[in-house]
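Sequential numbering from 0 applies to the sequence shown in numbering that gives the first Met the number 0.
All residues carry an ideal CB built from backbone N, CA and C; glycine is no exception.
The structure presented is a predicted model; accordingly, all values stated were derived computationally and were not measured.
Written below as structure tokens is the structure these notes are about.
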Amino acid sequence: MTRRTQDTPIHLDRSPARVVYILSTGRSGSTLLDLLLNTHPDVVSFGEIQLVPFLVEGVDPVCGCGERLDACQFWKDLLSEPAVVDEDRTLRLFRESRGAGRVLRPRLLPGLLLGRPLPILGPSRRVLERYVERNLRLFSLLRERSTRVGLTQGRNPWMVDSSKDPYRLLLLARHEAFDVRVIHLVKDPRAYVFSTTRPDEKHPHRRVVRMAGRWLVQNSMFSRVLRAAVDSQKMLFLRYEDLATNASEELGRIARFLEIDAELFDLEGFRRHVNHAIAGNPMRWRSDAIRLDDRWVTGLAPSLRRLTWALTGSLARRFGYPAGSDRQGNSEH
């Protein structure tokens, strides 16, 4: 395949890229949210955009439509673009590999907590600027392509990026080239721990401490960067449990948040809509209806539930989760 050079001219829409950024830990329901958002004619989901260069280089990378990327009608024409190929590795700034990205980055953490990048301690200002420029080009390509092939009805759709990374969010949200709306998606910490702990774990308490700590640290960081860097009108808090049990009401909230028509979401037929999102949970290829995954209630041993709550309960209560197995609650986020 012939690759474009960096100087190859391409006509791109220069208006601000409208991005819906999903900020969450892994295994928190972002794939379900992706699928539901993608049913709206003014919204198109591309999954974890941060992983584009890794998937291009990976073995048998598969699109949300079920095809390999190099056979997908949407992606195959984009695979030669520099913004996708990422030969200078710019897009990998906050990702070590497809499956690994560090939560705590000592050189960048101060800037994250203050709501602004601090290039003195981390990458140079030019590196950060190049990262933003490359992402703008990538989003522009995706927007132009999705309009051309009829995935959306408007020329400037909301593009869903479920990359989850707070450092990436900080750079995009603070740049005038992007109109970023953030959905902070949270899952009950006990459900998260259950989903990340293997049943045959020899020392489950160690694993529980590690994963509960990750949930606590990540969601604390997410809350901090949102308060510091994102206007309150441009962020929405959403619990996985609410989405899974009352999707219609939650999509209504999202529609008001994005200023789009809630009636145009296709809740009943969300599985039938073609999507070209990359990465994500294998549930994107299932055909069943939405159901709450609450296996932790009976599957997570009482001692492990208590341990998880002891570590995460202070923040979980703020998010509206009760201490018992009852899943109801009101968010104070």
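Who are the near neighbours of residue i in its chain, counting only those whose CB is closer than 7 Å to its CB and skipping five residues on each side?
i: Arg133; result: Ala82, Thr89, Leu90
i: Pro118; result: In this predicted model, Pro118 has a pLDDT of only 49, less than 50, meaning its place in the structure is not dependable enough to derive any value.
i: Arg270; result: Ser286
i: Pro165; result: Leu22, Leu111, Met220, Phe221, Val224
i: Leu250; result: Leu35, Ala261, Phe264, Leu266
i: Arg104; result: Tyr166
i: Pro60; result: Leu54, Arg67, Leu68
i: His272; result: Asn37, Thr38, Asp265
Near residue i, which residues of its chain fall below 6 Å by C-beta distance, leaving aside the five closest residues on each side in sequence?
i: Arg112; result: Strictly speaking, residue 112 in this sequence is Leu, with Arg absent from that position. Once the five neighbours on either side are set aside, the close Cβ partners of Leu112 are Arg223.
i: Tyr20; result: Asp160, Leu168, Val179, Val181
i: Gly312; result: none
i: Asp258; result: Residue identity differs from the one stated: residue 258 is Glu in this sequence, not Asp. Nothing listed; no residue qualifies.
i: Val131; result: Leu170, His174
i: Asp85; result: Pro52
i: Tyr239; result: Ser27, Gly28, Lys186
i: Leu237; result: Ile182, Leu184
i: Ala172; result: Val179, Ala228, Val229
i: Leu92; result: Tyr130
i: Met210; result: Val192, Thr195
i: Arg326; result: Its pLDDT being 49, under 50, Arg326 is placed unreliably by the model, and the measurement read from it follows with that caveat. For Arg326, where only same-chain residues beyond five positions count, the Cβ hits under 6 Å are Glu240.
Rounded to the nearest angstrom, how far is the Cβ of residue i from that of residue j, given a contact under 8 Å?
i: Ala190; j: Trp295; result: 5 Å
i: Gly153; j: Asp33; result: Going by Cβ atoms, the distance from Gly153 to Asp33 rounds to 19 Å, so no, they are not a contact pair.
i: Thr30; j: Phe264; result: So it is not a contact: roughly 17 Å between Cβ atoms.
i: Val18; j: Phe138; result: 7 Å
First and last residue of the alpha helix (DSSP H) that includes residue i?
i: Ala16; result: Per DSSP, Ala16 belongs to no alpha helix (DSSP H); it is in the beta strand (DSSP E), 16 to 22.
i: Asp76; result: Counting along the chain, Asp76 falls outside any alpha helix (DSSP H), and DSSP gives it neither H nor E.
i: Leu237; result: Counting along the chain, Leu237 falls outside any alpha helix (DSSP H), though it belongs to the beta strand (DSSP E) covering 234 to 238.
i: Ser145; result: 124 to 147
i: Phe256; result: 246 to 257
i: Gly25; result: Careful: Gly25 lies outside any alpha helix (DSSP H) and carries neither H nor E.
i: Gln49; result: Note, Gln49: premise wrong, no alpha helix (DSSP H); not H, not E.
i: His202; result: Note, His202: premise wrong, no alpha helix (DSSP H); not H, not E.
i: Phe193; result: 188 to 195
i: Ser313; result: 301 to 317
i: Arg170; result: Here residue 170 turns out to be Leu, not Arg, going by the sequence shown. Here the alpha helix (DSSP H) through Leu170 covers 165 to 172.
i: Arg297; result: At residue 297 the sequence reads Thr, which differs from the Arg that was named. Segment 295 to 298, the alpha helix (DSSP H) holding Thr297.
i: Gly110; result: 108 to 113
I need the boundaries of the beta strand (DSSP E) containing residue i, first residue and last residue.
i: Val185; result: 177 to 185
i: Val159; result: 157 to 160
i: Val43; result: 42 to 44
Inspect the beta-carbon positions of residue i and residue j and report whether they are closer than 8 Å.
i: Ala243; j: Arg316; result: no
i: Leu77; j: Arg144; result: yes
i: Ala43; j: Pro156; result: Before going on, a small fix: residue 43 reads as Val here, not Ala. Yes, these two residues count as a Cβ contact at 8 Å.
i: Thr307; j: Val207; result: yes
i: Ala176; j: Ala16; result: yes
i: Ile253; j: Leu266; result: no
i: Met158; j: Arg142; result: yes
i: Gly114; j: Ala227; result: yes
i: Gly25; j: Phe193; result: no
i: Val102; j: Gln217; result: yes
So, for residue i: in the same chain, excluding its five sequence neighbours on each side, which residues have a beta-carbon less than 8 Å away from its beta-carbon?
i: Gly212; result: Leu310
i: Arg255; result: Ala261
i: Gly268; result: Thr38
i: Asp292; result: Ala190, Ser194, Ala243
i: Ser14; result: Asn155
Please tell me whether, using a cut-off of 7 Å, the distance from the CB of residue i to the nearest non-hydrogen atom of the ligand FMN is below it.
i: Ile48; result: Ligands are entirely absent from the displayed structure, and the ligand FMN is therefore not among its contents.
Spell out whether any CB of chain C is found under 8 Å from the CB atom of residue i.
i: Arg205; result: Structure shown: chain C not included; a single protein chain is present.
Indicate whether the contact test is met: 3 or more Cβ pairs, each with one atom in the region 184 to 200 and one in the region 298 to 305, closer than 8 Å.
-> Between the region 184 to 200 and the region 298 to 305 there are three or more inter-stretch CB-CB distances shorter than 8 Å, so the stretches are counted as touching.
Three CB pairs or more closer than 8 Å across the region 259 to 279 and the region 41 to 53 = Pairwise C-beta distances place the region 259 to 279 in contact with the region 41 to 53, as three or more of them are shorter than 8 Å.
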